[in-house]
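Taking it in order: structure first as structure tokens, then the write-up.
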Amino acid sequence: MRPQARNWLLLAPAGAWFLFMLVLPLVVVLVFSFGERGPAGGYVPAFTLEQYLNLPARWTAFKNTLTLAPVGTMLALLIAYPLAYFLAVRANPKWRMMLLILVIVPFWTSILIRSYAWIFILGGRGIPSLLAMVGLENVRLINTPFAVLTGIIYGYLPLMVFPIYVSLERLDKRLLEASADLGSPPWRSFMQVTLPLSIPGVATGCMLVFILLMGEFLIPAMLGGGKVFFVGNALVDLFLQSRNWAYGSAVAVALVAIMLLTVSLYMRFVRRFSDARDDVSLM
Amino acid sequence: MRLYAMAVYLFLYIPIGIILLFSFSAGRSASQFEGFSLQWYGKALSNPFVMDALSTSFTVAVISAGIAGIFGTMAALALQSMRGRMRLFFDALIYIAVMVPGIVIGIATLIALVTVFGWLNPLLAAIWPEGQVPPQMSMGYGSLIAAHTLFSMALVIIIVRARIAGMDRSLTEASSDLYATPFGTFRQITLPMIFPGILAGVLLSFTFSFDDFIIAFFVAGSETTLPIYVFSSIRRGVTPEINAIGSMVLIVSLSLLIVAQLILQRGRTPRS
Numbered sequence: 002m003r004p005q006a007r008n009w010l011l012l013a014p015a016g017a018w019f020l021f022m023l024v025l026p027l028v029v030v031l032v033f034s035f036g037e038r039g040p041a042g043g044y045v046p047a048f049t050l051e052q053y054l055n056l057p058a059r060w061t062a063f064k065n066t067l068t069l070a071p072v073g074t075m076l077a078l079l080i081a082y083p084l085a086y087f088l089a090v091r092a093n094p095k096w097r098m099m100l101l102i103l104v105i106v107p108f109w110t111s112i113l114i115r116s117y118a119w120i121f122i123l124g125g126r127g128i129p130s131l132l133a134m135v136g137l138e139n140v141r142l143i144n145t146p147f148a149v150l151t152g153i154i155y156g157y158l159p160l161m162v163f164p165i166y167v168s169l170e171r172l173d174k175r176l177l178e179a180s181a182d183l184g185s186p187p188w189r190s191f192m193q194v195t196l197p198l199s200i201p202g203v204a205t206g207c208m209l210v211f212i213l214l215m216g217e218f219l220i221p222a223m224l225g226g227g228k229v230f231f232v233g234n235a236l237v238d239l240f241l242q243s244r245n246w247a248y249g250s251a252v253a254v255a256l257v258a259i260m261l262l263t264v265s266l267y268m269r270f271v272r273r274f275s276d277a278r279d280d281v282s283l284m
Numbered sequence: 351m352r353l354y355a356m357a358v359y360l361f362l363y364i365p366i367g368i369i370l371l372f373s374f375s376a377g378r379s380a381s382q383f384e385g386f387s388l389q390w391y392g393k394a395l396s397n398p399f400v401m402d403a404l405s406t407s408f409t410v411a412v413i414s415a416g417i418a419g420i421f422g423t424m425a426a427l428a429l430q431s432m433r434g435r436m437r438l439f440f441d442a443l444i445y446i447a448v449m450v451p452g453i454v455i456g457i458a459t460l461i462a463l464v465t466v467f468g469w470l471n472p473l474l475a476a477i478w479p480e481g482q483v484p485p486q487m488s489m490g491y492g493s494l495i496a497a498h499t500l501f502s503m504a505l506v507i508i509i510v511r512a513r514i515a516g517m518d519r520s521l522t523e524a525s526s527d528l529y530a531t532p533f534g535t536f537r538q539i540t541l542p543m544i545f546p547g548i549l550a551g552v553l554l555s556f557t558f559s560f561d562d563f564i565i566a567f568f569v570a571g572s573e574t575t576l577p578i579y580v581f582s583s584i585r586r587g588v589t590p591e592i593n594a595i596g597s598m599v600l601i602v603s604l605s606l607l608i609v610a611q612l613i614l615q616r617g618r619t620p621r622s
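Protein chains in written order, with the working numbering: chain A, 2 to 284; chain B, 351 to 622.
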């Protein structure tokens, strides 16, 4: 068989799968977003911008997502950076791999069960009952933005640590020696050498976390108790409760559009900072 | 510095530890530990709804990981020797499959399949022989497996491709110089070298499918997977039984992850 024909045969099943289960569904969402709602839910073909003009009706969900996602990303970054620095620079090389795997492993276990654990910890008989013992009565933690942010940081910390670790680990240690030889105190070496060189990893981590957070449903559903909800929660409501497919599709398209905008900004940013490409994978 | 790292590790692992600890509690209360017992595991494992959900999750995870392993490896092998537009197109598809949020994939698959079934079902009824009940296509096992396979296939392609890229080309060249058929070269050289990648990809795919909630929530139809069962029970209140189920889910994915890591690590060191 000619190699060309063989390649086509090898690619055919995966290609068909991608076309039918990825491209077709995404096109359907785009088409439906210009349609109208059927009398009993579902979709009626039409070409109207009505759904998009109606987007402000779900403003709260977009507002919550666009405030808590960046805040959560920033907090995750603040917590992740020192840990990544420790792993890449300070940790005993013998344990380094093991410690890194220990950070990544939780990311691959069920986020549902892991956020459930926080219902437990932040709920009435968890931390609030401990606070009551030291005299702080009636502290409510669950179903607040605080609870949602805790869940976000907990869920996405591993995704932030990994790319930062990769960029710090690749850093040429001779640069730091040179900086010290030229009389810089350690904090100055950090600010002028380490930090700038780790910016690509920081940007990658922030983008990954931010993008996944934009589509989050579980954490606000479990820890926000219907009070703190994201666009993802609005989508579940629109598709599974009110069955408003046309409007739901418009919300989904708007969400993906915001994400694409973020990615393109990120690409620009990274290109400006470094020509070197980071190959970041999670395994 | 070290203290800080320890604090972060505690933050990452204490919640998991609490779930595991309370799953062994003897008491009814979900928040007070009252002696060691395995009763909640027994309760969970004798609950027919849990067992049903577990078997659905397991079946879907095994089949989707298997399909993704085979088709994903085939695609990775083809992409390795391809250049040009087709390659870019596939790279874009893989990128989209991984980056588009699960919730969007979920709703898109739901409305696309429901619409397609809406067209196909009357068609099937029309061409079906008179007097027999025509099959009704609907959301369920099929849509669950198809949707999970999509993400898993992207995962397998990425992992196997990384493995192929790290492969020593001179071995396959030597093999064909020594007149091995292309298939012989594949079976004796390429396959053994990329196998750890395939296996790790399949194990990760299984873990993804077994743990996935959001895609399954939309495409499961009348089926219930274990995460969907757990989600709806949490809505009804926190019970020690959920701790037991949660612990089992965590243990399954933790052990598969460790195995996958070991395979990938071992595969990296060249064997003589």
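All residues carry an ideal CB built from backbone N, CA and C; glycine is no exception.
> Nearest to Ile-105(A) by CA position, among Arg-126(A), Tyr-157(A), Arg-272(A), is which residue?
Replying inline: Per the Cα distances, Tyr-157(A).
>> If I follow the unbroken alpha helix (DSSP H) through Gln-661(B), where does it start and stop?
In response: Residue 661(B) cannot be examined here, being either before or after the span of chain B that is shown, 351 to 622.
> When the Cα atoms are used, what is the spatial distance from Gly-43(A) to Ile-455(B)?
Replying inline: Taking the straight line from one Cα to the other gives about 18 angstroms.
> Quick one: what's got a C-beta closer than 8 angstroms to Phe-211(A)'s C-beta in the same chain, skipping five residues either side?
Replying inline: The residues are Ala-70, Pro-71, Thr-74, Thr-263.
>> Closer than 7 angstroms between beta carbons: that is the criterion. Which residues of the region 11-24 of chain A meet it against chain B?
In response: Residues Leu-11, Leu-12, Pro-14, Ala-15, Trp-18, Phe-19, Met-22, Leu-23.
> Less than 8 angstroms separating the beta-carbons of Ser-116(A) and Leu-23(A)?
Replying inline: No, the pair does not count as a contact, with Cβ atoms beyond the cut-off.
> What's the gap between the Cα of Phe-121(A) and the Cα of Phe-545(B)?
Replying inline: Their Cα atoms are separated by approximately 42 angstroms.
> So, is Tyr-354(B) buried or exposed, given that buried needs 16 or more other C-beta atoms within 10 angstroms?
Replying inline: Exposed, since its Cβ has fewer than 16 Cβ neighbours within 10 Å.
> Quick one: complete alpha helix (DSSP H) runs, 4+ long, within the region 511-583 of chain B?
Replying inline: DSSP runs (the alpha helix (DSSP H)) wholly in the region 511-583 of chain B: 519-527, 532-535, 541-561, 564-569.
> Could you give the C-beta distance for Pro-451(B) and Gly-206(A), rounded to a whole number, given that I count them as a contact under 8 angstroms?
Replying inline: Their Cβ separation, rounded to whole angstroms, is 17 angstroms, which puts Pro-451(B) and Gly-206(A) out of contact at 8 angstroms.
>> Which runs of the beta strand (DSSP E) at least 3 residues long sit entirely within the region 190-274 of chain A? Give them in chain order.
In response: You should have found no qualifying run.
> When DSSP labels each residue in this structure, what does Phe-501(B) get in the three-state scheme?
Replying inline: DSSP places Phe-501(B) within a helical segment (H, G or I) once states are collapsed to three.
> Ala-363(B): which of Ala-47(A), Phe-87(A), Thr-110(A), Leu-11(A) sits nearest, CA to CA?
Replying inline: As written in the sequence, residue 363(B) is Tyr, which differs from the Ala given in the question. When the alpha-carbon of Tyr-363(B) is set against those of Ala-47(A), Phe-87(A), Thr-110(A), Leu-11(A), the nearest one is in Thr-110(A).
>> Quick check on Val-24(A): does DSSP put it in helix, strand or coil?
In response: Val-24(A) falls in the helix class under three-state DSSP.
> Between the region 560-574 of chain B and the region 88-97 of chain A, do three or more beta carbon pairs fall short of 8 angstroms?
Replying inline: With the cut-off at 8 angstroms, the region 560-574 of chain B and the region 88-97 of chain A do not touch.
> Is the shortest distance between the beta-carbon of Asp-527(B) and the beta-carbons of chain A less than 8 angstroms?
Replying inline: With its beta carbon at least 8 angstroms from every one in chain A, Asp-527(B) lies outside the interface.
>> Restricting to runs no shorter than 4 residues, where is the alpha helix (DSSP H) found entirely within the region 423-489 of chain B?
In response: Complete alpha helix (DSSP H) runs here, min 4: 435-449, 452-477.
>> For a contact defined as C-beta to C-beta under 7 angstroms, what are the partners of Val-599(B) on chain A?
In response: Under the 7 angstroms cutoff, chain A gives Ser-111, Ile-114.
>> Would Ala-92(A) and Val-232(A) qualify as a contact pair, given that the criterion is a beta-carbon distance under 8 angstroms?
In response: Here Ala-92(A) is not near Val-232(A), since their CB atoms are 8 angstroms or more apart.
>> With three or more beta-carbon pairs closer than 8 angstroms as the criterion, would you say the region 54-61 of chain A touches the region 18-36 of chain A?
In response: Flag = no, the region 54-61 of chain A and the region 18-36 of chain A do not touch.
>> Helix, strand or coil, according to DSSP, for Ser-1(A) in the structure here?
In response: Summary: the structure shown does not reach residue 1(A), with chain A confined to residues 2 through 284, and so no result is reported for it.
>> Just checking: is the beta-carbon of Leu-459(B) within a distance shorter than 8 angstroms of some beta-carbon in chain A?
In response: Checking the displayed sequence, the identity of residue 459(B) turns out to be Thr instead of Leu. Residue-level contact check: Thr-459(B) touches chain A, since one or more beta carbons of chain A fall below 8 angstroms from its beta carbon.
> Among Leu-236(A), Val-257(A), Ser-250(A), Pro-201(A), which has the Cα closest to the Cα of Tyr-267(A)?
Replying inline: Nearest option by C-alpha distance: Pro-201(A).
> Who are the neighbours of Val-510(B) on chain A, taking C-beta pairs under 8 angstroms?
Replying inline: Those do not exist, as Val-510(B) stays about 11 angstroms from chain A at its closest Cβ, beyond 8 angstroms.
> Who are the Cβ neighbours of Phe-558(B) in its own chain at under 8 angstroms, not counting the five residues just before and after it?
Replying inline: Residues His-498, Phe-501, Ser-502, Leu-505 of the same chain have their beta carbon placed closer than 8 angstroms to that of Phe-558(B), with the five preceding and five following residues left out of the count.
> In the region 446-458 of chain B, which residues sit with their C-beta less than 8 angstroms from some C-beta in chain A, listed in chain order?
Replying inline: Taking 8 angstroms as the Cβ-Cβ cut-off against chain A, the residues of the region 446-458 of chain B that qualify are Ile-446, Ala-447, Met-449, Val-450, Pro-451, Gly-452, Ile-453, Val-454, Ile-455, Ile-457, Ala-458.
> At which residues does the alpha helix (DSSP H) containing Asn-65(A) begin and terminate?
Replying inline: Residues 60-86.
>> Relative to the C-alpha of Pro-46(A), which candidate in Val-29(A), Arg-171(A), Leu-261(A), Leu-123(A) has its C-alpha closest?
In response: Nearest option by C-alpha distance: Val-29(A).
> Just to confirm, are Met-432(B) and Asn-65(A) a CB contact at a threshold of 8 angstroms?
Replying inline: For Met-432(B) and Asn-65(A), no; Cβs fall outside 8 angstroms.
>> On the DSSP bridge list, what partners appear for Pro-40(A)?
In response: Pro-40(A) pairs with Gly-42(A).
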